[in-house]
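Structure record follows, encoded as structure tokens.
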Amino acid sequence: MVSSTKPPRSFAAYAASSDPVLKLPHPYQTAYHVQQAAAVDGSTGWYHLRRPADANNTPWARARRNPAVTVRWSQGGDAAAAAAAAPTIAQLWLLVYAVFTVRPAEEAFRLHLDDRDAGRGARDRLARQLMAVGLAVPHPPAASAAEGSTADEDAELLISRSAFWQGAGSPFGPRPAWAPEQHAADAIGLDLSAYPLPPPEYVASVAGSSSSLSSSSSSSSSLAQAQAQAQAQGALVWHPRRRTKPAPGSVLYSRWIPHLRETFSMVALDVGDQEHVDLFHAWQNDPRVSQGWNLTGSREQHVEYLRRVAEDAHQLAVLARFDETYFAYFEVYWAKEDPIGAYYPAGDYDRGRHSLVGDVRYRGPHRVSAWWSSLMHYLFLDDPRTGCVVGEPKYTNTPVLMYDLIHGFGLEKFIDMPHKRSALVRCSRERFFQLCPLDDNDKVMGGTGLGLVPKL
Numbered sequence: 003m004v005s006s007t008k009p010p011r012s013f014a015a016y017a018a019s020s021d022p023v024l025k026l027p028h029p030y031q032t033a034y035h036v037q038q039a040a041a042v043d044g045s046t047g048w049y050h051l052r053r054p055a056d057a058n059n060t061p062w063a064r065a066r067r068n069p070a071v072t073v074r075w076s077q078g079g080d081a082a083a084a085a086a087a088a089p090t091i092a093q094l095w096l097l098v099y100a101v102f103t104v105r106p107a108e109e110a111f112r113l114h115l116d117d118r119d120a121g122r123g124a125r126d127r128l129a130r131q132l133m134a135v136g137l138a139v140p141h142p143p144a145a146s147a148a149e150g151s152t153a154d155e156d157a158e159l160l161i162s163r164s165a166f167w168q169g170a171g172s173p174f175g176p177r178p179a180w181a182p183e184q185h186a187a188d189a190i191g192l193d194l195s196a197y198p199l200p201p202p203e204y205v206a207s208v209a210g211s212s213s214s215l216s217s218s219s220s221s222s223s224s225l226a227q228a229q230a231q232a233q234a235q236g237a238l239v240w241h242p243r244r245r246t247k248p249a250p251g252s253v254l255y256s257r258w259i260p261h262l263r264e265t266f267s268m269v270a271l272d273v274g275d276q277e278h279v280d281l282f283h284a285w286q287n288d289p290r291v292s293q294g295w296n297l298t299g300s301r302e303q304h305v306e307y308l309r310r311v312a313e314d315a316h317q318l319a320v321l322a323r324f325d326e327t328y329f330a331y332f333e334v335y336w337a338k339e340d341p342i343g344a345y346y347p348a349g350d351y352d353r354g355r356h357s358l359v360g361d362v363r364y365r366g367p368h369r370v371s372a373w374w375s376s377l378m379h380y381l382f383l384d385d386p387r388t389g390c391v392v393g394e395p396k397y398t399n400t401p402v403l404m405y406d407l408i409h410g411f412g413l414e415k416f417i418d419m420p421h422k423r424s425a426l427v428r429c430s431r432e433r434f435f436q437l438c439p440l441d442d443n444d445k446v447m448g449g450t451g452l453g454l455v456p457k458l
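Counting from 3, one number per residue, gives the positions in the sequence shown under my numbering.
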């Protein structure tokens with residue numbers, strides 16, 4: 003469970019504590035700590051004194067207002083030895099991860115690569131590599147002679163928080179580090195990560211889902227009723243053929259949560275795993291959960307429900323956990339084939355999600371901010387073509403609407419679904435990664451000072 007004390011929020015504080023500044027995602031879980039180094043000549047700290055006024059909002063001025071980080075890897079020896087000691091892209095990625103962990107509110111920082119002994123060759127090569135993987139861009143030039151550029155600016159790169167959290171420079175293969183992927187194809191010796199995403203090949207299917215409790219259930223899901231009605235109406239949807247689902251039981255997403263000092267992860271539910279089914283069965287029969295999901299039933303009925311979800315190409319059943327304790331169930335879906343797709347012009351790769359917290363010990367704003375943002379993060383990382391994440395909470399469900407607004411959603415309109423009046427909410431990729439709400443967020447509408455009071 004979460005520690006009673008907050009983690010450090012400066013490199014000096016991390017160096018003075020035993021807390022790791024970060025841990026790598028699954029399957030590595032390597033912890034990294036900060037050590038105090040000897041003083042370095044010419045160190046300027048986070049900020050230079052020459053800071054443009056806020057009234058100047060040119061790209062150059064915005065860049066200059068960002069903090070600065072200097073990486074120095076040589077303090078003596080010949081040029082060849084200094085070039086050989088240059089950091090790798092993976093090492094700089096770790097540095098960027100640490101900076102955005104300690105300073106999560108910074109949208110960018112300036113990176114100065116400094117090797118006094120190797121000349122410009124090693125530095126320029128490393129800068130080109132960082133730009134090639136999308137982790138850095140050149141420092142914007144001054145807009146006028148009055149602003150004036152300096153030699154420091156010419157040697158600096160701009161590191162974008164948005165690009166980093168979208169996976170730029172991730173050193174563990176073609177997938178972003180936080181979203182590993184394992185498919186059933188791996189069991190037959192085929193590594194799908196070595197191949198490009200399947201191209202869009204369009205098919206027609208009936209909107210809605212086949213996942214619902216059997217007719218012998220003592221109660222029926224309002225969500226399942228809506229899906230069944232959509233199917234009964236026979237509305238066809240033209241959409242991309244969906245790619246192979248992750249292997250049951252595999253980790254879909256993993257991220258160290260600094261303010262909790264725990265790892266949040268998501269696992270593809272395995273209907274053949276007794277523990278997975280037992281958790282779903284117990285949670286759905288909890289009166290607190292059934293008020294929203296209305297999926298009470300026998301174990302056999304829940305197994306059949308989960309089997310239908312597993313067979314439905316547009317849905318994925320997920321269990322979520324902190325460290326090794328499962329606490330929640332999610333269903334994620336492709337919006338175009340879902341009932342919600344009838345209420346707005348759904349993009350081919352828009353995603354949505356339904357969620358429940360089954361273990362009451364894991365409720366509370368400090369927990370919700372971790373898993374709410376992580377679930378959204380996964381949906382954008384899983385397919386780079388996903389432009390929006392959508393939702394349809396009941397329009398009177400104030401706590402859910404507040405958390406959606408905190409994490410970047412906007413209220414599009416109210417929609418009348420067969421089983422409820424809903425608030426159609428939508429968050430674009432650009433909006434989410436502009437905010438990067440992956441920390442213990444202030445309880446305000448994302449990016450503003452408009453206060454909200456969440457109650458989950």
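The beta carbon of each residue, even a glycine, is placed where N, CA and C say it ideally should be. In this text the structure is predicted, and so the values were computed from the model without any measurement.
Problem set entry | Helix, strand or coil at Ala196 [DSSP, three-state] | Translated into positions along the sequence shown, residue 196 becomes position 194. DSSP places Ala196 in helix when its eight states are reduced to three.
Exercise. What separation, rounded to the nearest whole angstrom, lies between the Cα atoms of Met133 and Thr298?
Worked result: Here the question's residue 133 lines up with position 131 in the sequence shown. Here the question's residue 298 lines up with position 296 in the sequence shown. The straight-line gap from Cα to Cα measures roughly 53 Å.
Exercise. Between Gln37 and the rest of its own chain, which residues show a CB-CB distance below 7 Å, the 5 nearest in sequence each way excluded?
Worked result: Locating residue 37 in the sequence shown gives position 35, where the first residue counts as 1. Excluding sequence neighbours, Gln37 sits near Ala17.
For this session: Answer with buried or exposed for Asp340, where buried requires no fewer than 16 other C-beta atoms within 10 angstroms of its C-beta.
Result: Start at 1 with the first residue of the sequence shown, and residue 340 comes out as number 338. Buried: at least 16 other Cβ atoms inside 10 Å.
For this session: Indicate the three-state DSSP secondary structure (helix, strand or coil) for Tyr99 in the structure shown.
Result: On the sequence shown, position 97 is the one that residue 99 refers to. Tyr99 falls in the helix class under three-state DSSP.
For this session: Report back the beta-carbon spacing between Tyr351 and Arg387 to the nearest angstrom; my notes put them in contact at under 8 Å.
Result: Translated into positions along the sequence shown, residue 351 becomes position 349. Translated into positions along the sequence shown, residue 387 becomes position 385. Confirmed, about 4 Å.
For this session: Using three-state DSSP, classify Leu26 as helix, strand or coil.
Result: Here residue 26 refers to the residue found at position 24 of the sequence shown. Looking at Leu26 - three-state DSSP - the assignment turns out to be coil, as it is neither helix nor strand.
Exercise. Which of helix, strand or coil does DSSP assign to Trp258?
Worked result: Here residue 258 refers to the residue found at position 256 when the sequence shown is read from its first residue. In this structure, Trp258 counts as strand in the three-state DSSP scheme.
Exercise. Ordered along the chain, which non-local residues of its own chain (more than five positions away) have a Cβ less than 6 Å from that of Gly453?
Worked result: Taking the sequence shown and counting its residues from 1, the one referred to as residue 453 is at position 451. The residues are Val446.
For this session: Using beta-carbon positions only, say whether Phe166 and Tyr99 come within less than 9 Å of one another.
Result: As a first step, residue 166 must be located in the sequence shown, where it is residue number 164. As a first step, residue 99 must be located in the sequence shown, where it is residue number 97. Their beta carbons are under 9 Å apart, which means Phe166 touches Tyr99 by this criterion.
Exercise. Where does Lys338 sit, in a helix, a strand or coil, going by DSSP?
Worked result: Taking the first residue of the sequence shown as position 1, residue 338 is located at position 336. Here Lys338 sits in helix by DSSP.
Exercise. Near Gln31, which residues of its chain fall below 8 Å by C-beta distance, leaving aside the five closest residues on each side in sequence?
Worked result: The sequence position of residue 31 within the sequence shown is 29, counting from 1. Here the set comprises Lys25 and Thr265.
For this session: Tell me the start and end of each unbroken beta strand (DSSP E) in the segment 342–372 that is at least 3 residues and wholly inside, in chain order.
Result: 353–359
For this session: Whole angstroms is fine: what's the gap from Ser213's alpha carbon to Pro143's?
Result: Translated into positions along the sequence shown, residue 213 becomes position 211. Translated into positions along the sequence shown, residue 143 becomes position 141. Any answer about Ser213 is weak, because its pLDDT of 49 lies below 50 and its placement is not dependable; what the coordinates show is given next. One C-alpha to the other measures close to 56 Å.
Exercise. What are the residues that DSSP puts in a beta bridge with Cys438?
Worked result: One-based indexing of the sequence shown puts residue 438 at position 436. Per DSSP, none; premise fails for Cys438.
Problem set entry | Of the residues Arg290, Gln293, Val392 and Gln286, the one placed nearest His304, counting alpha carbons only | For this step, residue 304 is matched to residue 302 along the sequence shown. Measuring from the Cα of His304, the nearest candidate turns out to be Gln286.
Exercise. When the distance is taken between beta carbons, is Gly136 closer than 9 Å to Gly171?
Worked result: Start at 1 with the first residue of the sequence shown, and residue 171 comes out as number 169. Start at 1 with the first residue of the sequence shown, and residue 136 comes out as number 134. In contact: Gly171 and Gly136 (Cβ atoms closer than 9 Å).
Problem set entry | Opening and closing residue of the beta strand (DSSP E) in which Gln168 lies | Translated into positions along the sequence shown, residue 168 becomes position 166. No beta strand (DSSP E) holds Gln168; DSSP gives it neither H nor E.
Exercise. So, are the CB atoms of Ser424 and Pro395 less than 9 Å apart?
Worked result: Here residue 424 is taken as the residue at index 422 of the sequence shown, counted from 1. Here residue 395 is taken as the residue at index 393 of the sequence shown, counted from 1. Yes, these two residues count as a Cβ contact at 9 Å.
Exercise. For the putative contact between Met268 and Val311, defined by C-beta atoms under 8 Å, what is the C-beta separation to the nearest angstrom?
Worked result: For the purposes of this step, residue 268 is taken as residue 266 along the sequence shown, with counting starting at 1. For the purposes of this step, residue 311 is taken as residue 309 along the sequence shown, with counting starting at 1. Contact flag wrong, Cβ pair sits at about 15 Å.
Exercise. From Ile417 to Leu159, what distance separates their C-alpha atoms?
Worked result: Position 415 of the sequence shown, counted from the start, is the residue given in the question as residue 417. Position 157 of the sequence shown, counted from the start, is the residue given in the question as residue 159. Going by the C-alpha atoms only, they are around 46 Å apart.
Exercise. For Asp1, which option in Gly366, Gly169, Leu437 and Pro289 has the closest C-alpha, if you only look at C-alpha atoms?
Worked result: Here the chain covers residues 3 to 458 and nothing more, so residue 1 does not appear.
Problem set entry | Ser220 burial status per 10 Å Cβ neighbour count (16 or more: buried) | In the sequence shown, the residue the question calls residue 220 occupies position 218. Residue placement at Ser220 cannot be trusted, given a pLDDT of 38 that sits under 50; the coordinates are not used to answer.
Exercise. Counting Cβ pairs, one atom from each stretch, are 3 or more of them under 8 Å apart for the segment 289–298 and the segment 233–252?
Worked result: no
For this session: Apply the 10 Å Cβ neighbour rule to Arg2 and answer buried if 16 or more other Cβ atoms are within range, or exposed otherwise.
Result: A query on residue 2 cannot be resolved here, the shown segment of the chain reaching from 3 to 458 and no further.
Problem set entry | For Thr398 and Tyr197, the rounded distance between their alpha carbons | For the purposes of this step, residue 197 is taken as residue 195 along the sequence shown, with counting starting at 1. For the purposes of this step, residue 398 is taken as residue 396 along the sequence shown, with counting starting at 1. Approximately 45 Å between the Cα atoms of the pair.
Problem set entry | Glu302 (DSSP reduced to helix, strand or coil) | As a working mapping, residue 302 is identified with position 300 in the sequence shown. Three-state DSSP puts Glu302 in a helix.
For this session: Report the option in Lys422, Phe411 and Asp441 whose CA atom is closest to the CA atom of Arg431.
Result: Mapped onto the sequence shown, residue 431 falls at position 429. Ranking the options by Cα distance to Arg431, first place goes to Phe411.
Exercise. Given Ala372, which residues of its chain have a CB within under 7 Å of its CB, disregarding the five upstream and five downstream residues?
Worked result: Counted from its first residue, the sequence shown places residue 372 at position 370. Excluding residues within five positions, the ones whose Cβ falls inside 7 Å are Ile259, Leu262 and Phe266.
Problem set entry | Pro140, enclosing beta strand (DSSP E) - first and last residue | As a position in the sequence shown, residue 140 is number 138, starting the count at 1. Ala138 to Pro140 is the extent of the beta strand (DSSP E) around Pro140.
Exercise. Do the CB positions of Tyr255 and His356 come within less than 9 Å of each other?
Worked result: Locating residue 255 in the sequence shown gives position 253, counting from the first residue. Locating residue 356 in the sequence shown gives position 354, counting from the first residue. For Tyr255 and His356, no; Cβs fall outside 9 Å.
Exercise. Who pairs with Ser424 in a beta bridge, going by DSSP?
Worked result: As a position in the sequence shown, residue 424 is number 422, starting the count at 1. Answer by DSSP bridge pairing, in chain order: Lys396 and Ile417.
For this session: Quick one: residues in its chain with C-beta nearer than 7 Å to the C-beta of Glu183, no 5 flanking neighbours on either side, listed in chain order?
Result: In the sequence shown, the residue the question calls residue 183 occupies position 181. Arg177, Ser195 and Pro248, listed in sequence order.
For this session: Write down every uninterrupted run of the beta strand (DSSP E) in the segment 262–298 whose length is 3 residues or greater and which is fully enclosed by it, in chain order.
Result: 264–270
Problem set entry | Where Ser19 sits in the DSSP three-state scheme | As a working note, residue 19 is residue 17 in the sequence shown. Here Ser19 sits in coil by DSSP.
Exercise. To the nearest angstrom, how far is it from the Cα of Ser222 to the Cα of Ser300?
Worked result: Residue 222 sits at position 220 when you count from the first residue of the sequence shown. Residue 300 sits at position 298 when you count from the first residue of the sequence shown. Residue placement at Ser222 cannot be trusted, given a pLDDT of 43 that sits under 50; the coordinates are not used to answer.
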